[in-house]
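Engineer: Numbering (the numbering used here), first residue to last: 3 to 538. Backbone N, C-alpha and C define an ideal beta-carbon position, used for all residues, glycine too.
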Amino acid sequence: MSSRDFNDIIDFPQKIALQSLNIDVSKPLIAIVCAQSGLSFVHKNAQNTAERVAKGVAKAGAEAAVFCVPSVTDFIFGVSAERSKFAINKFVPLYAETMAQSNLFDGFVFVASDNQSVSGMLEAAITCNLPSLFMSCGVMPPLKIAGKNFGLNEIYSFVGAVKSGKVNPAVLPDLKSAIADGLGNDYKSYAENSAICICEALGLAVSGVSTVQADTPAHRELALKTGKQIVEMYKEKLTPRMTLSEEALKTALCFDVAMGGSCTGLTTVLSAARLLNIRFDMKELKKFFQLPRLVKNENFDAYAFGGDGGVAAVLYELAKGNKNISLDYTVYDMKPMSRSARPSVSGETILPYLKGTTGRCTYLSGNLAEDGAVAVSGSQTVFEGKAIVFNSEEEAVNAIANREIDEGCVLIIRYQGPSCGFNELRTSLALLRGMDMDEKVAVVTDGRFSDFSRGLVVGLVSPQAQTDSGLALVRTGDTIEINLPKNKLNVDLKAKELNQRKRQQETPELPLSDNLKAYSSLFSSAEEGCLIKKIQ
Numbered sequence: 003m004s005s006r007d008f009n010d011i012i013d014f015p016q017k018i019a020l021q022s023l024n025i026d027v028s029k030p031l032i033a034i035v036c037a038q039s040g041l042s043f044v045h046k047n048a049q050n051t052a053e054r055v056a057k058g059v060a061k062a063g064a065e066a067a068v069f070c071v072p073s074v075t076d077f078i079f080g081v082s083a084e085r086s087k088f089a090i091n092k093f094v095p096l097y098a099e100t101m102a103q104s105n106l107f108d109g110f111v112f113v114a115s116d117n118q119s120v121s122g123m124l125e126a127a128i129t130c131n132l133p134s135l136f137m138s139c140g141v142m143p144p145l146k147i148a149g150k151n152f153g154l155n156e157i158y159s160f161v162g163a164v165k166s167g168k169v170n171p172a173v174l175p176d177l178k179s180a181i182a183d184g185l186g187n188d189y190k191s192y193a194e195n196s197a198i199c200i201c202e203a204l205g206l207a208v209s210g211v212s213t214v215q216a217d218t219p220a221h222r223e224l225a226l227k228t229g230k231q232i233v234e235m236y237k238e239k240l241t242p243r244m245t246l247s248e249e250a251l252k253t254a255l256c257f258d259v260a261m262g263g264s265c266t267g268l269t270t271v272l273s274a275a276r277l278l279n280i281r282f283d284m285k286e287l288k289k290f291f292q293l294p295r296l297v298k299n300e301n302f303d304a305y306a307f308g309g310d311g312g313v314a315a316v317l318y319e320l321a322k323g324n325k326n327i328s329l330d331y332t333v334y335d336m337k338p339m340s341r342s343a344r345p346s347v348s349g350e351t352i353l354p355y356l357k358g359t360t361g362r363c364t365y366l367s368g369n370l371a372e373d374g375a376v377a378v379s380g381s382q383t384v385f386e387g388k389a390i391v392f393n394s395e396e397e398a399v400n401a402i403a404n405r406e407i408d409e410g411c412v413l414i415i416r417y418q419g420p421s422c423g424f425n426e427l428r429t430s431l432a433l434l435r436g437m438d439m440d441e442k443v444a445v446v447t448d449g450r451f452s453d454f455s456r457g458l459v460v461g462l463v464s465p466q467a468q469t470d471s472g473l474a475l476v477r478t479g480d481t482i483e484i485n486l487p488k489n490k491l492n493v494d495l496k497a498k499e500l501n502q503r504k505r506q507q508e509t510p511e512l513p514l515s516d517n518l519k520a521y522s523s524l525f526s527s528a529e530e531g532c533l534i535k536k537i538q
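1) Just checking, does the stretch 295-312 make contact with the stretch 269-280 on the three C-beta pairs under 8 angstroms criterion?
2) Report yes if the C-beta distance between Met137 and Val35 is below 8 angstroms; otherwise report no.
3) Could you check which residue in Met142, Ala98, Val141 has the C-alpha nearest to that of Ser121?
4) Determine the burial state of Gln468: buried for a count of at least 16 other Cβ atoms within 10 Å of its Cβ, exposed for fewer.
5) For Tyr417, decide whether its Cβ has a neighbour in chain C, counting only Cβ atoms nearer than 8 angstroms.
6) Given that a residue counts as buried once 16 or more other Cβ atoms are within 10 Å of its Cβ, and exposed if not, what is Ser28?
7) Relative to the alpha-carbon of Phe112, which residue among Val271, Ala52, Glu223, Cys199 has its alpha-carbon at the smallest distance?
8) Quick check: what's the CA-CA separation for Phe110 versus Glu125?
9) My assumption, with CB atoms under 8 angstroms, is that Met142 sits in contact with Ala207. Please give the rounded CB distance.
10) Is it the case that the Cβ atoms of Phe451 and Val459 are separated by a distance below 8 angstroms?
11) Give the secondary structure of Glu319 by DSSP, where H, G and I count as helix, E and B as strand, and everything else as coil.
12) When you compare only the Cα positions, how much space is there between Phe291 and Thr481?
13) For Leu135, which three-state DSSP category applies?
14) According to DSSP, is Tyr331 helix, strand or coil?
15) Quick check on the DSSP output: what are the complete beta strand (DSSP E) runs of length 3 or more inside the stretch 328-399, in order along the chain?
16) Taking only the alpha-carbon atoms, compute the straight-line gap between Glu508 and Ser42 and give it to the nearest angstrom.
17) Among the residues of its own chain, which have a CB less than 6 angstroms from the CB of Val445, if the five just before and after it don't count?
18) Determine, using beta carbons only, whether Ala56 and Gly229 come nearer to each other than 8 angstroms.
19) Just the Cα atoms here: how many angstroms apart are Leu145 and Arg222?
20) What residues match up with Glu31 in a beta bridge as DSSP calls it?
21) Could you name the residues that DSSP lists as bridge partners for Phe451?
22) In three-state terms, what does DSSP make of Gln538?
23) Where in the stretch 267-312 do unbroken runs of the alpha helix (DSSP H), each at least 4 residues long, occur, reported from the N-terminal end onward?
24) Can you say whether Val347 is buried or exposed, counting buried as having 16 or more other CB atoms within 10 angstroms of its CB?
25) Between Asp108 and Ala37, what straight-line distance do the alpha-carbon atoms span, to the nearest angstrom?
26) Excluding the 5 residues flanking Ala304 on each side, which residues of the same chain have their C-beta closer than 7 angstroms to its C-beta?
27) Cα separation between Gln21 and Asn400?
28) Report yes if the C-beta distance between Arg477 and Val378 is below 8 angstroms; otherwise report no.
29) Tell me Gln38's beta-bridge partners as DSSP assigns them.
30) Compute the Euclidean distance between the alpha carbons of Asn170 and Gly149, then round it to the nearest angstrom.
31) Ignore the nearest five residues each way along the sequence and tell me which others in Gly263's own chain have a CB closer than 7 angstroms to its CB.
32) For Ser166, which beta-bridge partners are listed by DSSP?
33) As an exercise, report each continuous alpha helix (DSSP H) stretch of at least 4 residues that is fully enclosed by the stretch 236-261, in chain order.
34) Would you say the beta carbon of Lys57 is closer than 7 angstroms to some non-hydrogen atom of the ligand FAD?
35) Out of Glu386, Leu329, Gly205, Ser430, state which residue places its alpha-carbon closest to the alpha-carbon of Asp335.
36) If Leu296 and Ile352 are in contact, beta carbons under 8 angstroms, what's the gap, nearest whole angstrom?
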């Protein structure tokens, strides 16, 4: 029901109620959904951004109503926050859908930068199927320490570097002062910006939104433009289910791979596909992972990336280099994406297709991942080592910090999958990197990984350990075989031994509240996009 579908007599009370809020019910009513928390520096300027979007909506002749959804920043609360953070991803679409059905909205603008908020908002946009656009809170400026620029992610590695004696602890006060005025997403991490980049690749965000610096004239102008554009989309009745074709989703997946790959990016596309009844699964990722990488993760710089053409330039190079990649799908301005795509400015940050490097991601399967897993590699593509098993990231962090792991081992960090909070192994991988151990060990998890690691990491292992899968049956000392060229991930055990262990298996008690346990138990596997399971 639209805000203008009131029956003059029957709906008179609702009309009066809206008018008491100074809302003109004769105009379209656009909801601005704002990810907000006083403890989230990523969304520190979300309210101001939402107000700017609202001005654009008003200038285009519509009404705007702002409401907020919670935001969790694990940068602040670390490992313990990871277990609850993923629940935000699923709470947002539920909240947005409830508000949409209760308040007669005609469209949405989603204001957020954090991956969990943005991917949850994308689910909401598809579920509610109202004209929708995304507006980022912007990218954080570089942190200047001792005359050098650093990204927020790199600070995590300082902890490992201090632990190993590589860095003097005296530098830590400089880190504190550098971040004091920071707001927005880390400019040095594609993974942290991947969800909003994918929204732009899907045509659900105005060009340039994903790489603009927070709280600048350019950022404010994009917010204003977004507010105006959503009204035009309403007039054209352009909804997500009209534009998010299989073609668009495959192109977005190709974009993510060309950027070096992100667990959040992959699951964001997989979940969107499932909601749209488009059949994607992890096995299909194998062919996408053969695409070249056009932007190097280890040298990612959002400002250099945006200055070289950003998302639009990557899409242009992909379509130019691969005839199977199409940009004919409709985007926010009612035109095909091909009209927005353009060549990179310098060809240095964003490489031409034929000069792209070997893709960073590999699809794996085996008795540790019957439904698949995703690996990213450093210098090693084949790895065999003894397992050291951890049932939580806290255990792994303590062992790494206390130097209780040996070179050549495989760290199994399990019970991190969707049913356990779908943790991102930020702290453990950053410690390994800071201590120069990331190329000397391998990591296998049913959780997610960011672009902290420079070594061999296998994530999104499916089925997850919580289902008593092969990953749950591994014991410390077992031999783990990882072979990227052969797409294999195995524990060196016969089926008979695995079956015997399964009969003896006892799932450990997870450090989750009853509410989070109940909520997390509803999540499907990573292979299915981590959606709420359908009720039969």
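Structural biologist: Taking the structure as given:
1) Three or more beta-carbon pairs separated by less than 8 angstroms are not found between the stretch 295-312 and the stretch 269-280, which leaves the two stretches without contact.
2) On the sequence shown, residue 137 is found 135 positions in, with the first residue counted as 1. On the sequence shown, residue 35 is found 33 positions in, with the first residue counted as 1. For Met137 and Val35, no; Cβs fall outside 8 angstroms.
3) Locating residue 121 in the sequence shown gives position 119, where the first residue counts as 1. Ala98 is the residue among Met142, Ala98, Val141 whose C-alpha sits nearest the C-alpha of Ser121.
4) Within the sequence shown, the letter at position 466 stands for residue 468. Its Cβ being crowded by 16 or more others within 10 Å, Gln468 is buried.
5) The structure shown contains no chain C, having only a single protein chain.
6) Along the sequence shown, read from residue 1 onward, the residue named residue 28 stands at position 26. Around the Cβ of Ser28, a 10 Å sphere holds fewer than 16 other Cβ atoms; the residue is exposed.
7) As a first step, residue 112 is located in the sequence shown; it is residue number 110 there, counting from the start. Considering only Val271, Ala52, Glu223, Cys199, the residue with the shortest C-alpha distance to Phe112 is Ala52.
8) The residue given as residue 110 occupies position 108 in the sequence shown. The residue given as residue 125 occupies position 123 in the sequence shown. When rounded, the distance between both Cα atoms is 12 angstroms.
9) The count along the sequence shown starts at 1 and reaches residue 142 at position 140. The count along the sequence shown starts at 1 and reaches residue 207 at position 205. At roughly 18 angstroms, the Cβ-Cβ gap does not stay under 8 angstroms, so Met142 and Ala207 are not in contact.
10) Translated into positions along the sequence shown, residue 451 becomes position 449. Translated into positions along the sequence shown, residue 459 becomes position 457. Against a cut-off of 8 angstroms, the Cβ pair of Val459 and Phe451 comes out as a contact.
11) Translated into positions along the sequence shown, residue 319 becomes position 317. Residue state for Glu319 is assigned as helix, using DSSP reduced to three classes.
12) For the purposes of this step, residue 291 is identified with residue 289 of the sequence shown, where counting begins at 1. For the purposes of this step, residue 481 is identified with residue 479 of the sequence shown, where counting begins at 1. C-alpha separation (whole angstroms): 27 angstroms.
13) As a working note, residue 135 is residue 133 in the sequence shown. Under the three-state reduction of DSSP, Leu135 is assigned to strand.
14) Indexing the sequence shown from 1 puts residue 331 at position 329. Coil.
15) Those beta strand (DSSP E) runs which fall completely within the stretch 328-399 and span 3+ residues are 363-368, 371-378, 384-392.
16) For the purposes of this step, residue 508 is taken as residue 506 along the sequence shown, with counting starting at 1. For the purposes of this step, residue 42 is taken as residue 40 along the sequence shown, with counting starting at 1. Their backbone Cα atoms lie some 38 angstroms apart in a straight line.
17) Residue mapping note: residue 445 aligns to position 443 of the sequence shown, counting from 1. Around Val445: Leu413, Val459.
18) By 1-based counting over the sequence shown, the position of residue 56 is 54. By 1-based counting over the sequence shown, the position of residue 229 is 227. Yes, they are a contact pair.
19) Your numbering for residue 145 matches position 143 in the sequence shown. Your numbering for residue 222 matches position 220 in the sequence shown. Looking at the two C-alpha atoms, the distance is approximately 22 angstroms.
20) Along the sequence shown, one-based indexing puts residue 31 at 29. Note that residue 31 corresponds to Leu in the displayed sequence, not to Glu. In the DSSP output, where bridge partners are listed per residue, Leu31 has Glu65.
21) Looking up residue 451 in the sequence shown gives position 449. In DSSP, Phe451 forms no bridge with anything.
22) Mapped onto the sequence shown, residue 538 falls at position 536. The pLDDT assigned to Gln538 is 49, lower than 50, so where the model puts this residue is not dependable, and the model offers no usable value.
23) Correct list: 287-290, 304-309.
24) Counting from one through the sequence shown, the residue named residue 347 turns up at place 345. By the 10 Å Cβ count, Val347 comes out exposed.
25) Translated into positions along the sequence shown, residue 108 becomes position 106. Translated into positions along the sequence shown, residue 37 becomes position 35. Each residue's alpha carbon lies about 20 angstroms from the other.
26) Within the sequence shown, numbered from 1, the residue matching residue 304 stands at position 302. Setting aside the 5 residues that flank it on each side, Ala304 is surrounded in the same chain by Val141, Tyr189, Asn195, Thr213, each with a C-beta closer than 7 angstroms to its C-beta; the list follows chain order.
27) For the purposes of this step, residue 21 is identified with residue 19 of the sequence shown, where counting begins at 1. For the purposes of this step, residue 400 is identified with residue 398 of the sequence shown, where counting begins at 1. Computed Cα separation, rounded: 58 angstroms.
28) By one-based count along the sequence shown, residue 477 stands at place 475. By one-based count along the sequence shown, residue 378 stands at place 376. Taking 8 angstroms as the cut-off, the Cβ atoms of Arg477 and Val378 do not count as close.
29) Translated into positions along the sequence shown, residue 38 becomes position 36. In DSSP, Gln38 forms a bridge with Pro72.
30) Position 168 of the sequence shown, counted from the start, is the residue given in the question as residue 170. Position 147 of the sequence shown, counted from the start, is the residue given in the question as residue 149. Answer to the nearest angstrom: the Cα atoms are 16 angstroms apart.
31) To locate residue 263, count along the sequence shown from 1; it is residue 261. Cβ neighbours of Gly263 within its own chain (closer than 7 angstroms, five residues either side excluded): Arg362, Cys363, Val378.
32) For the purposes of this step, residue 166 is identified with residue 164 of the sequence shown, where counting begins at 1. Looking at the DSSP assignment, Ser166 forms no beta bridge with any residue, so it has no partner.
33) Correct list: 242-245, 248-260.
34) Summarising the ligand content, the structure contains no ligands, and the ligand FAD is consequently not present.
35) In the sequence shown, counting from the first residue as 1, residue 335 sits at position 333. Nearest of Glu386, Leu329, Gly205, Ser430 to Asp335, Cα basis: Gly205.
36) The residue you call residue 296 lines up with position 294 of the sequence shown. The residue you call residue 352 lines up with position 350 of the sequence shown. Confirmed, about 6 angstroms.
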